[in-house]
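Numbering (UniProt numbering), first residue to last: 1 to 262. C-beta: ideal position from N, C-alpha, C; glycine also. See structure below.
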Amino acid sequence: MDKVVGSAEEAVADVRPGARLAVGGFGLCGIPSVLINALFEAGVGDLEVVSNNAGVDDWGLGLLLGAGRLRRVVASYVGENREFARQYLSGELEVELTPQGTLAERMRAGGSGIPAFFTASGVGTQVAEGGLPWRYDSSGAVAVASPAKQTQSFDTPEGPKEFVLERAIIADFGLVRAWRGDRHGNLVFRDSARNFNPLAAMCGRITVAEVEELVEPGELDPNQIHTPGVFVHRVVPLTTEQVAAKRIERRTVRPRPEGVGR
1 MDKVVGSAEE
11 AVADVRPGAR
21 LAVGGFGLCG
31 IPSVLINALF
41 EAGVGDLEVV
51 SNNAGVDDWG
61 LGLLLGAGRL
71 RRVVASYVGE
81 NREFARQYLS
91 GELEVELTPQ
101 GTLAERMRAG
111 GSGIPAFFTA
121 SGVGTQVAEG
131 GLPWRYDSSG
141 AVAVASPAKQ
151 TQSFDTPEGP
161 KEFVLERAII
171 ADFGLVRAWR
181 GDRHGNLVFR
191 DSARNFNPLA
201 AMCGRITVAE
211 VEELVEPGEL
221 DPNQIHTPGV
231 FVHRVVPLTT
241 EQVAAKRIER
251 RTVRPRPEGV
261 GR
């Protein structure tokens, strides 16, 4: 039952080229930066990543991207990464963009044993009709486009409505970061860092959690646990320095009001 491993390097040592990873985080908030860095140092590549976004140019998944280690990304937002845009538009990277709520539900469904589900998001657009560019060639032409998806009408309180079928996501590995966790793998996320982390933990066949504070079994209030240990296979306790190494994606400030702070 003790799922603690000695280091992040040990925790991701069996991630092989071609693996599919579900990675928690939103922007740079709640990303498993220590595990990502361990993958970077290990040199593993040809990875498919399922994540809300791909970090920034020099942090988070942006490290793997900049090193050419990603072959495919399934995401809902990629606007903060210039290298991501360059690789996508030049045909070096395959990208499947999906509505954010749909991405979350695809991951949740994968962890719940639901192979597919119908949603209204994307009906009447290329999300359902197909034709979204997944990969360009070197000349800028579309080399791989998204396929058309099954649609079906269902009765709703407002009358018949069209829905589109979306398939669940199951990853070889789930990588997440938690605020607190115990040796059994029970996890608690803090505030907005909760984001996609519980979903990434659910859909990974093997889930690795880096935790900012490791506690003993029984110390966590069962009513406050966000991800039960049944979904988690390895726990990596972070050092004080690793916990403190957090980045702000975009720093914005308001002008100081006249006379304040003087």
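Tell me, please, which residues DSSP counts as bridged to ASP182.
By 1-based counting over the sequence shown, the position of residue 182 is 182. The beta-bridge partner set that DSSP reports for ASP182 consists of VAL215.
* To do: Decide if the stretch 129-146 is in contact with the stretch 99-118; the criterion is three or more beta carbon pairs, one per stretch, under 8 Å apart.
  => These segments do not touch.
Excluding the five sequence neighbours on either side, which residues of its own chain have a C-beta within less than 7 Å of the C-beta of ARG108, listed in chain order? Numbered from 1 along the sequence shown, position 108 holds the residue referred to as residue 108. Correct list, in chain order: LEU199, MET202.
Report back the beta-carbon spacing between VAL236 and VAL208 to the nearest angstrom; my notes put them in contact at under 8 Å.
Translated into the one-based positions of the sequence shown, residue 236 becomes position 236. Translated into the one-based positions of the sequence shown, residue 208 becomes position 208. Cβ atoms of VAL236 and VAL208 come within 8 Å of each other, at about 7 Å.
Between the Cα of GLU212 and those of ASP14, GLU9, PRO32, MET1, spot the shortest distance and give me the residue it belongs to.
The sequence position of residue 212 within the sequence shown is 212, counting from 1. Comparing Cα positions, the closest option is PRO32.
Enumerate in chain order the residues of its own chain whose CB-to-CB distance from ARG71 is below 6 Å, with the five nearest sequence positions on each side excluded. Taking the first residue of the sequence shown as position 1, residue 71 is located at position 71. Excluding residues within five positions, the ones whose Cβ falls inside 6 Å are ASP46.
Measuring only the C-alpha atoms, how far is LEU165 from PHE117? On the sequence shown, residue 165 is found 165 positions in, with the first residue counted as 1. On the sequence shown, residue 117 is found 117 positions in, with the first residue counted as 1. Rounded to whole angstroms, LEU165 to PHE117 spans 6 Å at the Cα level.
**Request:** Just tell me which of ARG20, PHE26, GLY174, ALA8 has its CA closest to the CA of LEU39.
**Result:** The residue given as residue 39 occupies position 39 in the sequence shown. The candidate whose alpha carbon is nearest that of LEU39 is ALA8.
Looking at the structure shown, is ASP172 part of a helix, part of a strand, or coil, going by DSSP? Taking the first residue of the sequence shown as position 1, residue 172 is located at position 172. ASP172: strand per DSSP, three-state reduction.
Exposed unless 16 or more other CB atoms sit within 10 angstroms - verdict on ALA171 | Taking the first residue of the sequence shown as position 1, residue 171 is located at position 171. Per the 10 Å Cβ criterion, buried.
Check for me: the alpha helix (DSSP H) holding GLU94 runs from which residue to which? Locating residue 94 in the sequence shown gives position 94, counting from the first residue. Under the DSSP assignment, GLU94 falls outside any alpha helix (DSSP H), being part of the beta strand (DSSP E) whose first and last residues are 94-97.
Cβ neighbour criterion (16 or more within 10 Å) applied to VAL260 = Reading the sequence shown from its first residue, position 260 is the one you call residue 260. Counting Cβ neighbours within 10 Å, VAL260 comes out exposed, since fewer than 16 surround it.
Alpha carbon to alpha carbon, how far is ILE206 from GLY174?
Numbered from 1 along the sequence shown, position 206 holds the residue referred to as residue 206. Numbered from 1 along the sequence shown, position 174 holds the residue referred to as residue 174. A direct Cα-Cα distance of roughly 6 Å separates ILE206 from GLY174.
Checklist entry - Straight-line CA distance for GLY110 to ARG167? => result Within the sequence shown, the letter at position 110 stands for residue 110. Within the sequence shown, the letter at position 167 stands for residue 167. About 9 Å.
Please classify GLU210: is it buried, with 16 or more other beta-carbons within 10 angstroms of its beta-carbon, or exposed?
For the purposes of this step, residue 210 is identified with residue 210 of the sequence shown, where counting begins at 1. Buried, because 16 or more other Cβ atoms sit within 10 Å of the Cβ of GLU210.
request  = May I ask you to list the residues that DSSP assigns as paired with residue 287?
outcome  = Because the chain here runs from 1 to 262, residue 287 falls outside it and cannot be looked at.
>> Within a Cβ cutoff of 8 Å, which residues of the same chain sit near ALA141, ignoring the five residues on either side of it in sequence?
In response: On the sequence shown, residue 141 is found 141 positions in, with the first residue counted as 1. If you ignore the 5 residues before and after ALA141, its C-beta comes within less than 8 Å of no other C-beta in its own chain.
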